[in-house]
Amino acid sequence: MEILGEGEFELTVANAAHIKNVPGRKTDMNDAMWIADLLACGLIKASFVPSEDIQELRALTRTRKQLVREQTRHVQRIEKTLAEANIKLGLVISDIMGASGRRMIEAMIAGVRQPRQLAELAGKQIKATPKELYDALHGRLTDHHRFLLGLHLRQWDGLDETIRKIDREIDQRIDRMDTKVGAGKAPFRTSIELVSTVPGISTVAAPAILSEIGCDMSRFATAGHLVSWSGLCSGQNESAGKRKSSRLRKGAPWLKTMLVQCAWAAKRKKDSYYRAQFFRLQNKRGPQKAICAVAASILTAVYHILKDGTEHHDLGASYFDRRPTEVKAHRLVARLKKLGFTVQLQPTAEAA
Numbered sequence: 462m463e464i465l466g467e468g469e470f471e472l473t474v475a476n477a478a479h480i481k482n483v484p485g486r487k488t489d490m491n492d493a494m495w496i497a498d499l500l501a502c503g504l505i506k507a508s509f510v511p512s513e514d515i516q517e518l519r520a521l522t523r524t525r526k527q528l529v530r531e532q533t534r535h536v537q538r539i540e541k542t543l544a545e546a547n548i549k550l551g552l553v554i555s556d557i558m559g560a561s562g563r564r565m566i567e568a569m570i571a572g573v574r575q576p577r578q579l580a581e582l583a584g585k586q587i588k589a590t591p592k593e594l595y596d597a598l599h600g601r602l603t604d605h606h607r608f609l610l611g612l613h614l615r616q617w618d619g620l621d622e623t624i625r626k627i628d629r630e631i632d633q634r635i636d637r638m639d640t641k642v643g644a645g646k647a648p649f650r651t652s653i654e655l656v657s658t659v660p661g662i663s664t665v666a667a668p669a670i671l672s673e674i675g676c677d678m679s680r681f682a683t684a685g686h687l688v689s690w691s692g693l694c695s696g697q698n699e700s701a702g703k704r705k706s707s708r709l710r711k712g713a714p715w716l717k718t719m720l721v722q723c724a725w726a727a728k729r730k731k732d733s734y735y736r737a738q739f740f741r742l743q744n745k746r747g748p749q750k751a752i753c754a755v756a757a758s759i760l761t762a763v764y765h766i767l768k769d770g771t772e773h774h775d776l777g778a779s780y781f782d783r784r785p786t787e788v789k790a791h792r793l794v795a796r797l798k799k800l801g802f803t804v805q806l807q808p809t810a811e812a813a
């Protein structure tokens, strides 16, 4: 696609499903003629194709995510090897690849088998007691387990060094992109800083999100168009008054998974709108649908941040309590009716 885009003609990439929905005869023989007629009549909507710089940055962020996934698999393999040796290190240490956990694993690889010696390697920040560490480290560690631990640890270190190289390359590429920014346009790093003000979005997630949607929001008419394009908008499948499955579309899978991860992080921030939104929807729709709704809200905020060039302003955890009295009363009455009660509202002034 990049090779064709360098020609003297304008390249249009469209969704085949959208072309198929346009009525008309379309066979293998006149397929090209049919598509050309649709394009001439303006019935084909071009898909979003970012610039070459954004495409290269997107390739780096996607590669980084794949390497992080592979790194996580090696951590799981280390935990499995320890479990086979009856060592439950993950029960007393939240991150076995942290400073304390790594010292213990390296000592096991070196041949230390005494639980007390391994427990003494724990740092002061570990909340587990010496007794709990002793019980978790008391197992049967063989040479076979030590070999596998060393193998997976070296693989983890190699992936960690590769991820650091990609981070440096991403940082350098962003600097080169900022040197090409024209007058009147915000630098790419400024957009990263603005997007990072959203709860749950880190300085690592912000470039990944921008590499998927770009910085120019003029290509999306509204925030709803962006949410629908990403696949975070539930479908409407209703026939004869019956609502059928409304699962999320595939959309942009790389963007969607990143936003869901950011939504889980935003849900943990106290006194935030996203935390209140999650717990408000969790009871009615379940945690999975609730977190997708939070991810859609985060993407909506990102859209307005990039479009207006402003920082994020949290609506606060009490946002849903500031709704009109009639709306809150209607919601409470509906809940009472579901419980089998008949409710009749009367204002206090008239009741007196």
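Heads up: the sequence shown begins at 462 in our numbering, then just goes up one per residue. Note that CB positions come from ideal geometry on N, CA and C, so glycine has one too. Keep in mind the model is a prediction, meaning the values are calculated, not measured.
Whole-angstrom distance between residue j and residue i, CA atom to CA atom
i	j	result
P668	C723	13 Å
T683	S695	17 Å
T603	A666	40 Å
I570	L582	14 Å
S758	F509	21 Å
A713	K541	33 Å
Q532	E517	23 Å
Enclosing alpha helix (DSSP H) for residue i [first to last residue]
i	result
M719	P714 to K728
Q744	Per the sequence presented here, residue 744 reads as Asn, with Gln not at that position. Here the alpha helix (DSSP H) through N744 covers Y734 to R746.
Q633	D604 to T640
D498	D492 to A501
K506	K506 -> no alpha helix (DSSP H), and no H or E assigned at all.
S561	A560 to A571
L552	Per DSSP, L552 belongs to no alpha helix (DSSP H) and is neither H nor E.
F649	F649 to V656
Y780	Premise fails: Y780 is in no alpha helix (DSSP H) and is neither H nor E.
Best match in the options for proximity to residue i [C-alpha to C-alpha]
i	options	result
K717	I674, S758, P591 and G692	G692
I557	R538, Q575 and G572	R538
K506	H605, R523, K526 and T473	T473
Y780	L742, A790, S733 and I662	S733
G572	R607, A560, N547 and K541	R607
K728	P660, F681 and N744	P660
G777	R710, A644, G551 and R736	R736
I635	I624, V688, K626 and R650	R650
L720	A751, K731 and K549	A751
R637	V794, E513 and L793	E513
P648	G770, I496, L499 and P808	G770
D775	S657, R615 and K585	S657
K526	N547, D621 and D677	D621
Residue i classed as buried or exposed, judged by whether at least 16 other C-beta atoms fall within 10 angstroms
i	result
R784	exposed
L594	buried
M494	exposed
Q738	buried
C502	exposed
E772	exposed
A812	No answer about A812 holds up, because its pLDDT of 44 lies below 50 and its placement is not dependable.
K798	exposed
T522	buried
F681	buried
Beta bridge counterpart(s) of residue i as assigned by DSSP
i	result
L709	S695
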